[in-house]
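Student: The structure that follows is given in the form of structure tokens.
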Amino acid sequence: MTAGAMRGDKERCFAAGMDDYVSKPINLEQLTDALRKSSSNQNLNKIQSKNKKIAKAPESNKKEEKEKKQDSPIDESVIEMLASMDEGDEKVFLKEMINVFLQETPPLIENMKKGFDKGDKELFTRSAHTLKSSSANLGALILSEMNKELEMLGKNGGMTKAPEKMKEVEKEFQKVKKALEEYLK
């Protein structure tokens, strides 16, 4: 798996000896296919059975679920996909991803501020890019989109709009943090 999703990255990965190529954000079907190619049948059967469990999960009250999804800053389908990668009910992988995200996001936001204050477009843009990707990987799609906008501002020289957008990012991160902390309980 790689963060490289630019033209030519796939070929460079294969040339370096990789067996397959999956770029971020993670797509469960692509990941399963890649694992199928490089994994033993026993492990693959575990993955496929987990995917079937997700697909066959009983439907709850659709209206209530729709309202909950609209209010949540997190795309539940992404959380479900990540949770399905765990063995057992402990959700170790999911919890670890959440903990890393919650620890790494405040310094990224601070680095964006520093980059803006010092006129360091590279620091600003790199921090926004990293936060865009990590947010998407946990289903915080609104936060991801906000950081995509900041990344573009940094790349295209529109930094005058950045302070207002950064405040919005901080507010959205607080919503995301609160929602993700519920999964840690």
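One gets my numbering by counting positions in the sequence shown from 1 and adding 98 to each. Idealized CB from N, CA, C, for every residue including glycine. Since the structure is predicted, the reported quantities are computational estimates derived from the model, not experimental observations.
Smallest Cα separation from Lys-211: which of Leu-236, Asp-107, Thr-258?
Tutor: Looking at the Cα atoms, Thr-258 is the closest of the given residues.
Student: Out of curiosity, what's the CA-to-CA distance linking Glu-109 and Asp-118?
Tutor: Between Glu-109 and Asp-118, the C-alpha separation is close to 10 Å.
Student: Less than 8 Å between the CB atoms is what I'm expecting for Asn-245 and Val-267, so what's the real figure, rounded?
Tutor: The Cβ separation is near 6 Å, so the contact holds.
Student: Residue range of the alpha helix (DSSP H) that Glu-188 falls in?
Tutor: Glu-188 -> no alpha helix (DSSP H), and no H or E assigned at all.
Student: Run through DSSP, which three-state label would Arg-224 get?
Tutor: It is helical.
Student: In or out: Phe-271 buried (at least 16 other Cβ within 10 Å) or exposed?
Tutor: So Phe-271 ends up on the buried side.
Student: Quick check: is the beta carbon of Glu-266 nearer than 7 Å to any beta carbon in chain C?
Tutor: In the displayed structure, chain C is absent; only one protein chain is listed.
Student: On the criterion of 16 or more Cβ atoms from any shown chain inside 10 Å, does Pro-261 qualify as buried, or is it exposed?
Tutor: Exposed: under 16 other Cβ atoms inside 10 Å.
Student: Under 8 Å Cβ to Cβ from Leu-282, same chain only, skipping five residues before and after it: list those, please.
Tutor: Cβ within range, chain order: Lys-193, Ile-196, Asn-197.
Student: Between which residues of its own chain and Ala-277 is the CB-CB distance below 7 Å, once the five residues before and five after are set aside?
Tutor: Taken in chain order, the residues that qualify are Ser-170, Pro-171, Ile-172.
Student: Under three-state DSSP, which class holds Gly-237?
Tutor: Reduced to three states, the DSSP call for Gly-237 is coil.
Student: Give the range of the alpha helix (DSSP H) segment to which Lys-259 is assigned.
Tutor: Here Lys-259 belongs to no alpha helix (DSSP H), and DSSP marks it neither H nor E.
Student: Quick one: is Gly-255 buried, meaning 16 or more other Cβ sit within 10 Å of its Cβ, or exposed?
Tutor: Flag for Gly-255 reads exposed.
Student: With respect to the alpha helix (DSSP H) encompassing Lys-108, which residues constitute its N-terminal and C-terminal limits?
Tutor: 107-113 is the span of the alpha helix (DSSP H), which, as asked, contains Lys-108.
Student: Which same chain residues end up closer than 7 Å to Asp-184 when comparing Cβ atoms and leaving out the 5 residues on each side of it in sequence?
Tutor: Cβ neighbours of Asp-184 beyond the five flanking positions: Val-190, Phe-191, Leu-192.
Student: Within 10 angstroms of the Cβ of Ser-233, are there 16 or more other Cβ atoms? Answer buried if so, exposed if not.
Tutor: Answer is buried; the Cβ neighbour count reaches 16.
Student: Mapping the DSSP letters down to three states, classify Gly-217 as helix, strand or coil.
Tutor: Correct three-state label for Gly-217: coil.
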